[in-house]
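Number of protein chains: 2
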Amino acid sequence: MSTSLQKHDVFQAIADPTRRDILRLLADKELSILEITGHFPMTRTAIAKHLHILSEAELVSGRKVGREKRFRLQPESLDELKQWLSYFEQFWHNKLSMLKHIVENEKEMDIKVIKTDSDK
Amino acid sequence: MSTSLQKHDVFQAIADPTRRDILRLLADKELSILEITGHFPMTRTAIAKHLHILSEAELVSGRKVGREKRFRLQPESLDELKQWLSYFEQFWHNKLSMLKHIVENEKEMDIKVIKTDSDK
DNA sequence: TTGACATGAAACCAATAGGTGTTATATACT
DNA sequence: AGTATATAACACCTATTGGTTTCATGTCAA
Chain A
1 MSTSLQKHDV
11 FQAIADPTRR
21 DILRLLADKE
31 LSILEITGHF
41 PMTRTAIAKH
51 LHILSEAELV
61 SGRKVGREKR
71 FRLQPESLDE
81 LKQWLSYFEQ
91 FWHNKLSMLK
101 HIVENEKEMD
111 IKVIKTDSDK
Chain B
1 MSTSLQKHDV
11 FQAIADPTRR
21 DILRLLADKE
31 LSILEITGHF
41 PMTRTAIAKH
51 LHILSEAELV
61 SGRKVGREKR
71 FRLQPESLDE
81 LKQWLSYFEQ
91 FWHNKLSMLK
101 HIVENEKEMD
111 IKVIKTDSDK
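Chains A and B supply the protein sequences, listed in that same order.
Counting in full-length UniProt numbering, the first sequence runs from 1 upward without gaps.
Counting in full-length UniProt numbering, the second sequence runs from 1 upward without gaps.
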């Protein structure tokens, strides 16, 4: 994994499926490294490295409790992702914000909202 | 880059800052590979590979127009990201559901809710 | 205090990522 | 037809990823 010199950001942190699964686990409850490892087909060391990367991205935080280190989800950093996503949201799927976008930015367009049968 | 054998998914595709920038560019308008390359300090080949990865993730689509290939944003695939994010949204931003989560799952923790001046 | 346990840290490894340059092919222009 | 253009297809290089194993350190429990 990395244990590299430069910090990982949120985008890199969630790029790996194992790390995404770890986040899901930690959403439910605080867990030690060994407890987390139990859910994956790889060594404790590998999991520890994943946790380090998630830590760098500030998606999890760890506290030492006796001889174990327990990790918990720190979801605030996902806000960066949400912000990034929101920029593109205007372009798809959400017809309401799409319309909002059109109205706000292209007032000169001739748009008619037509009431159809499906609106019954 | 890859040109690897296994497909890249959305999470991997957006992990690279260059690719995120490309998506932003294509949000505004359809562009050819050369036009995109003009915005970055790297070769056309590198950009083409990034576009290939974005294509695999179905975040962009390319059509041939004469001798050039023009790419456009295909934002629907970002929905997978949005779905993934929505799962975690309950844990942050909404202090009430966050508190609910803490109370339900970490009763053993020594949490004190302190009333401060700002609560006046 | 002696062991068992949980983690940390390091060295190592194969595969992939991100980039380069070169060559080939199809299209467009005159 | 002949030349310039836009991209595709390779081969290649280096750093990073995602994993391993081994060894050291600190803590709990008997």
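We put the CB at the ideal spot given by N, CA and C, even for glycine.
This one's a predicted model, so the numbers in the text were calculated from it and none came from an experiment.
For B/F91, there is no enclosing alpha helix (DSSP H), as DSSP marks it with neither H nor E.
Around the Cβ of A/E76, a 10 Å sphere holds fewer than 16 other Cβ atoms; the residue is exposed.
Burial state of B/E68 is exposed, judged by a 10 Å Cβ sphere holding fewer than 16 other Cβ atoms.
B/H8 is positioned such that its CB atom lies closer than 7 Å to that of B/E56. Between the alpha carbons of A/A15 and A/I53 lies a distance of about 11 Å. At the C-beta level, B/L26 and A/F88 stay beyond 7 Å of one another. Taking 7 Å as the cut-off, the beta carbon of A/A13 is found no closer than this to the beta carbon of A/L51.
Where B/S77 is concerned, there is no enclosing alpha helix (DSSP H), because DSSP gives it neither an H nor an E. Of the candidates B/S32, B/A48, B/Q90 and B/R19, the residue whose Cα lies closest to the Cα of B/G66 is B/S32.
B/S61 is positioned such that its CB atom lies closer than 7 Å to that of B/Q74. When secondary structure is reduced to three states using DSSP, B/R19 falls in the helix class. Contact annotation for B/A27 against chain A: F88 and F91 [CB-CB distance below 7 Å, chain order]. Per DSSP, B/R67 lies in no beta strand (DSSP E) and is assigned neither H nor E. Under the Cβ criterion of 7 Å, B/E30 is not counted among the residues facing chain A.
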